[in-house]
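Numbering (UniProt numbering), first residue to last: 1 to 323. Even glycine gets a Cβ: it sits at the ideal position worked out from N, Cα and C.
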């Protein structure tokens with residue numbers, strides 16, 4: 001089932017800085033319960049932001065789960081990134097556990113989880129009773145744009161009744177609930193303007209070409225970055241790149257990677273040598289903390305998340321282009 005989406009898509013400056021040019025989908029699923037080891041995937045909704053098309057894959061009976069899941073997962077796998085609400089803890093683990101049940105492999109686009117961003121990197125939770133999606137919609141003035149009449153729990157109960165009766169009106173209500181969740185989440189992206197997205201990306205990770213940065217650690221002498229190779233994993237080990245004393249490990253079998261860069265600490269500042277890293281310093285000159293080929297990434301204990309993330313993305317791009 002497909003439908004067109006004609007509303008304006010969110011396109012904030014910081015959002016574009018991290019995700020411009022990526023194939024992105026807004027995702028939500030319906031299941032018969034929370035535990036993927038014994039419950040079923042019954043419906044997946046995905047709004048393709050490039051084609052502005054909402055796709056839904058509905059298992060009309062539990063016996064059709066594999067067919068619906070396979071078609072849904074194939075479309076998700078074609079994306080670079082999904083946008084979810086609590087998807088890192090529920091939607092994506094559930095999808096991958098059910099895929100494993102049918103020996104389908106796994107599905108691993110980068111997941112921009114709006115719930116985790118709001119929970120850890122936005123002040124709005126101070127003004128809300130909870131961070132349920134509908135509560136945030138209400139705060140952002142979006143509650144009145146919902147048209148569905150049921151909750152997630154009621155969707156499960158309705159599906160159980162639909163399987164027995166085949167009542168198409170019940171199916172329409174389930175599909176409407178899912179499509180509204182997806183469309184409302186698409187509208188809800190403006191809430192990112194109320195979050196520290198640079199800090200969130202430092203802690204939650206971000207896509208960088210064919211890699212996904214998952215963890216960044218800074219100690220007294222170095223910056224360490226770890227993550228996964230999402231596309232075409234390779235084996236590589238090196239202890240210098242273009243004369244830059246960096247440790248780089250790429251593991252094809254585990255599709256993982258790690259990088260370690262030297263840092264300079266002096267007078268309360270922590271800096272990285274952009275010229276030694278082989279990077280064009282011009283792209284960093286917009287930052288007041290950049291000068292003479294050096295970039296300040298920490299100032300008396302205060303981390304500069306925007307600069308750190310930019311350096312990592314730029315180095316990974318340079319590495320991938322010149323390997």
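Taking the CB atoms as reference points, tell me whether residue i and residue j lie closer together than 8 Å.
i           : j           : result
residue 174 : residue 158 : yes
residue 109 : residue 91  : no
residue 119 : residue 202 : no
residue 247 : residue 257 : no
Which residue marks the beginning of the alpha helix (DSSP H) containing residue i, and which one marks its end?
i           : result
residue 194 : Taken as a continuous stretch (DSSP letters only), residue 194 belongs to no alpha helix (DSSP H), as it is neither H nor E.
residue 117 : 114 to 121
residue 90  : That residue, residue 90, is in no alpha helix (DSSP H); it is neither H nor E in DSSP.
residue 68  : 65 to 77
Please identify the residue among the options whose C-alpha is closest to the C-alpha of residue i.
i           : options            : result
residue 25  : 10, 168, 17        : 10
residue 22  : 189, 207, 84, 195  : 207
residue 43  : 53, 54, 36, 31     : 31
residue 280 : 163, 313, 253      : 313
residue 142 : 179, 242, 188, 172 : 188
residue 221 : 107, 87, 272, 98   : 272
residue 15  : 191, 300, 258, 292 : 191
residue 268 : 63, 257, 302       : 302
residue 97  : 66, 112, 123       : 66
residue 195 : 124, 133, 165, 223 : 124
residue 82  : 62, 53, 112, 74    : 112
residue 19  : 2, 131, 209        : 209
Return the first residue and the last residue of the beta strand (DSSP E) that residue i is part of.
i           : result
residue 56  : 53 to 58
residue 304 : No beta strand (DSSP E) contains residue 304, which DSSP labels as neither H nor E.
residue 3   : 2 to 4
residue 46  : 41 to 48
Can you find a C-beta in chain D that's less than 8 Å from the C-beta of residue i?
i          : result
residue 35 : Of the protein chains in the structure, only one exists, and it is not chain D.
Quick one: what's residue i bridged to in DSSP?
i           : result
residue 250 : 236, 257
residue 274 : In DSSP, residue 274 forms no bridge with anything.
residue 224 : 217, 260
residue 229 : 211
residue 110 : 81
| task | Tell me the start and end of each unbroken alpha helix (DSSP H) in the stretch 174 to 220 that is at least 4 residues and wholly inside, in chain order. | result | 197 to 204
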